[in-house]
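Same order as they appear, the protein sequences are chains F and V. The numbering used here puts the first residue of the first sequence at 365, with every later residue one more than the last. The numbering used here puts the first residue of the second sequence at 731, with every later residue one more than the last. Just so it is clear, CB atoms sit at the ideal spot from N, CA and C, and this is done for glycine as well. In this text the structure is predicted, and so the values were computed from the model without any measurement. Below: one structure, written as structure tokens.
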Amino acid sequence: MAKPMPSEAANEFIPGWEMVIGLEVHCELKTRTKLFCGCTNSFGHEPNTNICPVCLGLPGSLPVINESAVELAVRIGLSLNCKVDESIFHRKNYFYPDMPKDYQVSQYERAINENGYLELPLSKKMVRIERAHIEEDTGKSTHVGGGGGRIHGADHSLVDYNRAGIPLVEIVSAPDLRSADEAREYVSELRAILVASGASDGKMEEGSLRVDANVSVRRLGSEEFGTRCEIKNLNSLRSLVRAIEYEAQRQVELINSGERVIQQTRHWNEDQGVTTAMRSKEEAYDYRYFPEPDLVPLSPSDEWIAEIQGRIGLLPAARRERMASLFASVSAGSTLDQIVTAVGLGLDDLVVAAVECGADPKLALARATNEVASDIGNLSNLTVANFSDLLMMEFESKLSATQAKTVLSKMLESGSGPQEVAKSLGFEALDASILEGLVDQVISGSPKEWERFSMGEDQLSGFFIGQVMKLSKGRADGKAVTSILRSKRA
Amino acid sequence: MANLAKLALSEEEELMYTGQLAAILDHARDIMALDTADLSPTAHPLELRNVFRRDVETPSLDRDEVMSQAPAAEEGRFMVPRILGEAP
Chain F
365 MAKPMPSEAA NEFIPGWEMV IGLEVHCELK TRTKLFCGCT NSFGHEPNTN ICPVCLGLPG
425 SLPVINESAV ELAVRIGLSL NCKVDESIFH RKNYFYPDMP KDYQVSQYER AINENGYLEL
485 PLSKKMVRIE RAHIEEDTGK STHVGGGGGR IHGADHSLVD YNRAGIPLVE IVSAPDLRSA
545 DEAREYVSEL RAILVASGAS DGKMEEGSLR VDANVSVRRL GSEEFGTRCE IKNLNSLRSL
605 VRAIEYEAQR QVELINSGER VIQQTRHWNE DQGVTTAMRS KEEAYDYRYF PEPDLVPLSP
665 SDEWIAEIQG RIGLLPAARR ERMASLFASV SAGSTLDQIV TAVGLGLDDL VVAAVECGAD
725 PKLALARATN EVASDIGNLS NLTVANFSDL LMMEFESKLS ATQAKTVLSK MLESGSGPQE
785 VAKSLGFEAL DASILEGLVD QVISGSPKEW ERFSMGEDQL SGFFIGQVMK LSKGRADGKA
845 VTSILRSKRA
Chain V
731 MANLAKLALS EEEELMYTGQ LAAILDHARD IMALDTADLS PTAHPLELRN VFRRDVETPS
791 LDRDEVMSQA PAAEEGRFMV PRILGEAP
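Below is the structure:
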């Protein structure tokens with residue numbers, strides 16, 4: 365969750381210096397099959413079980429592009445306010461065994477989506493999107509015989525081509541980000557957009573979303589860019605922030621000690637918290653790009669683009685507005701933060717549906733962004749009806765706040781309804797007559813306090829509530845006890 | 731060249747392909763001699779656009795059969811020699 369930190373303050377990571385960050389985000393598209401062949405697009409299969417002559421680059425095989433992949437790429441472009449235009453494919457040639465063809469099909473000169481923007485939800489900053497182009501993913505290499513699975517010192521490598529040919533869209537931002545926190549906010553928002561548009565499942569932990577960060581530093585007030593380094597292997601938002609902060613610090617120290625930054629690709633080492641040099645950065649000509657002769661240009665018609673536009677669901681900005689409309693007013697602060705979190709985690713549908721069932725919006729948002737968010741893997745165990753029933757029970761004081769949180773956690777674990785869980789935990793609200801009996805018992809045991817309370821010493825209600833709680837072993841509801849006390853006094 | 735492409739050619743074939751390759755190179759030289767300053771680049775020789783495939787699964791190859799064709803394999807994966815340098 366991005367902290368609402370004003371960018372001016374965040375810039376001051378080292379007084380007098382500013383970070384300049386551009387991000388390249390690779391997003392796997394949620395299609396059934398690969399980009400150029402009918403092999404299945406899914407994660408976690410046995411190595412090399414989803415391969416065919418096309419994705420193995422066998423002689424005589426020809427690629428044919430997957431229409432769904434193009435549609436999802438257009439959805440991404442439209443969601444990022446890009447111009448969707450005619451585009452062509454190029455071969456990006458290189459010597460590395462992760463592509464059996466020795467090249468990757470990508471879009472180089474004319475990308476399907478160009479010149480868009482994304483607005484950061486908290487700081488409201490506009491980040492320009494240079495392009496969002498289609499390309500194929502590469503295979504996965506495992507290096508054997510070296511230390512820690514790295515190439516250096518390895519005897520040989522093993523390659524799995526299940527991932528080779530999975531459709532990707534690479535989203536390239538302009539160097540508009542000025543702090544690690546802004547970078548995190550950008551990736552969170554982008555992820556939410558990709559999920560909401562139906563293009564991706566957004567799972568960073570499974571590699572569906574992979575981020576490379578281009579980082580440079582410059583003296584505050586300078587208009588020129590410094591020499592940048594590209595950081596790879598950023599597998600979580602936490603690594604992204606740590607790696608950017610480390611790298612910017614490293615570059616400032618280099619410059620301060622009279623050395624210069626060398627343009628290169630660097631690898632983030634999560635365990636040691638450092639970036640290390642991988643290789644000097646390639647220039648485009650190293651890849652000998654040339655037009656892919658086996659694929660014809662893509663030219664989505666205006667009609668098709670309009671159709672696709674109609675199939676994009678509510679995007680995060682609209683989702684946040686919809687949530688904000690549940691409240692009388694939303695100023696910056698905890699409610700806005702919770703709304704951004706709920707939308708970012710895809711919990712807003714749940715909150716809105718619960719409120720439609722009669723739940724209190726504030727309570728629904730709080731429980732969703734705390735208890736539900738902390739066990740989001742079990743979200744499928746929670747129905748809207750059960751969630752809103754729980755919120756009603758808490759709102760009507762049948763459960764205390766602490767009890768409601770416990771019940772909700774158990775509901776997420778087990779999939780059971782709130783009444784059932786509350787009963788099994790002994791959280792059932794006491795029957796009104798039983799509660800009244802307990803109140804009577806306390807009153808007759810404390811006649812002096814009762815007399816003072818009857819004379820108008822309201823602060824003594826706390827004493828009575830405490831006593832009733834003790835007798836009921838915490839099952840009494842404070843509000844209900846107060847109203848019984850008031851009625852007895854009158 | 732046959733060596734690079736790992737093709738076992740007979741002497742006759744080598745002679746035939748050398749002649750064909752020379753003709754191709756000659757043709758390329760002819761094209762390079764043309765003045766193309768006023769021509770816009772062609773992305774594809776055919777006037778086709780949007781040739782699509784539906785997003786429907788087709789069977790993949792049998793892994794054992796594929797691995798039997800590979801120069802070396804281990805644990806269901808292709809084995810390649812030590813890689814010099816890092817991933818692109």
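Check	Outcome
What's the gap between the Cα of serine 693 of chain F and the Cα of valine 704 of chain F?	15 Å
In chain order, which alpha helix (DSSP H) runs of at least 4 residues are fully inside the stretch 552–635 of chain F?	601–620
Can you find the residues in the same chain that come closer than 8 Å, C-beta to C-beta, to glutamate 494 of chain F, ignoring five residues on each side of it along the sequence?	Glu478, Asn479, Val536, Ser537 and Ala538
Can you tell me where the alpha helix (DSSP H) holding aspartate 524 of chain F begins and where it ends?	Not the alpha helix (DSSP H): aspartate 524 of chain F falls in the beta strand (DSSP E), residues 520–524.
Closest to glutamate 534 of chain F by CA distance: which of F:Glu656, F:Lys394, F:Arg542 and F:Leu387 is it?	F:Leu387
Rounded to whole angstroms, how far is the Cβ of leucine 711 of chain F from the Cβ of asparagine 742 of chain F, which I believe are closer than 8 Å?	At roughly 13 Å, the Cβ-Cβ gap does not stay under 8 Å, so leucine 711 of chain F and asparagine 742 of chain F are not in contact.
Can you tell me which residues form a DSSP beta bridge with tyrosine 481 of chain F?	F:Arg492
Quick check on serine 425 of chain F: does DSSP put it in helix, strand or coil?	coil
Skipping 5 residues on each side, what residues in its chain have a beta carbon closer than 7 Å to that of alanine 612 of chain F?	Phe377, Met383, Val579 and Val581
Take every Cβ of the stretch 519–533 of chain F, pair it with every Cβ of the stretch 791–811 of chain V, and state whether three or more of those distances are shorter than 8 Å.	yes
Tell me the DSSP bridge mates of alanine 803 of chain V?	V:Phe808
Can you find a CB in chain V that lies within less than 9 Å of the CB of valine 716 of chain F?	no
Under 7 Å Cβ-Cβ, which residues of chain F neighbour serine 740 of chain V?	What serine 740 of chain V touches in chain F: nothing, since even the nearest Cβ is about 19 Å away.
What first and last residue would you give for the alpha helix (DSSP H) that runs through methionine 383 of chain F?	No alpha helix (DSSP H) contains methionine 383 of chain F, which is instead part of the beta strand (DSSP E) from 381–392.
For a cutoff of 9 Å on Cβ pairs, would you count arginine 396 of chain F as touching chain V?	yes
Apart from the five residues just before and just after alanine 738 of chain V, which ones in its own chain have a Cβ nearer than 8 Å to its Cβ?	Ala732
Could you check whether serine 663 of chain F and arginine 779 of chain V sit closer than 9 Å to each other, using their CB atoms as the reference points?	yes
Quick check on DSSP: helix, strand or coil for serine 798 of chain V?	helix
The stretch 788–814 of chain V: which residues have C-beta closer than 7 Å to a C-beta of chain F, in chain order?	Thr788, Ser790, Leu791, Arg793, Val796, Glu804, Glu805, Gly806, Arg807, Phe808, Met809, Val810, Pro811, Arg812 and Ile813
Among the residues of its own chain, which have a CB less than 7 Å from the CB of methionine 369 of chain F, if the five just before and after it don't count?	Residue placement at methionine 369 of chain F is flagged as unreliable, the pLDDT there being 40, under the threshold of 50; the coordinate-derived value follows with that caveat. The answer, listed in chain order, is Asp545.
Could you tell me the distance, in whole angstroms, from the CA atom of methionine 779 of chain F to the CA atom of asparagine 745 of chain F?	The residue asked about is misnamed: residue 779 of chain F is glycine in this sequence, not methionine. Taking the straight line joining both Cα atoms gives about 4 Å.
Please work out which residues of its chain come closer than 8 Å, Cβ to Cβ, to asparagine 430 of chain F, disregarding the five sequence neighbours upstream and downstream, and give them in chain order.	Thr395, Thr397, Lys398, Leu399, Phe400 and Pro531
If you count every other CB in all the chains shown that lies within 10 Å of the CB of phenylalanine 407 of chain F, and 16 or more means buried, which is it?	exposed
Check the Cβ of serine 521 of chain F against every Cβ in chain C and list those closer than 7 Å, keeping chain order.	Checking the listed chains, one finds no chain C in this structure; the protein chains it contains are F and V.
Check phenylalanine 691 of chain F in the structure and name its three-state DSSP category.	coil
Do we get a CB-CB distance below 9 Å when we pair leucine 769 of chain V with the residues of chain F?	no
What are the boundary residues of the alpha helix (DSSP H) that serine 358 of chain F is part of?	Limits of chain F in this structure are 365 at one end and 854 at the other, which puts residue 358 of chain F out of reach.
Nearest-angstrom Cα distance between arginine 592 of chain F and isoleucine 626 of chain F?	8 Å
Figure out for me which residue from F:Gln673, F:Ala718, F:Leu601 and F:Lys567 has the closest Cα to the Cα of alanine 577 of chain F.	F:Leu601
At 8 Å on the CB atoms, spell out the chain V contacts of aspartate 635 of chain F, in chain order.	None at all; the shortest Cβ gap to chain V is about 18 Å.
Against chain F, does alanine 773 of chain V count as a neighbour if the rule is that its beta carbon must be under 9 Å from one of theirs?	yes
What residue range does the alpha helix (DSSP H) around asparagine 750 of chain F cover?	748–759
Between valine 715 of chain F and leucine 729 of chain F, how many whole angstroms is the CB-CB distance? I'm expecting something under 8 Å.	6 Å
Under 8 Å: do the stretch 656–674 of chain F and the stretch 443–455 of chain F share three or more Cβ pairs, one atom per stretch?	yes
Given this structure, state the Cα-to-Cα distance separating glutamate 473 of chain F from threonine 770 of chain F, to the nearest angstrom.	56 Å
Is the CB-CB distance between alanine 765 of chain F and methionine 757 of chain F below 9 Å?	no
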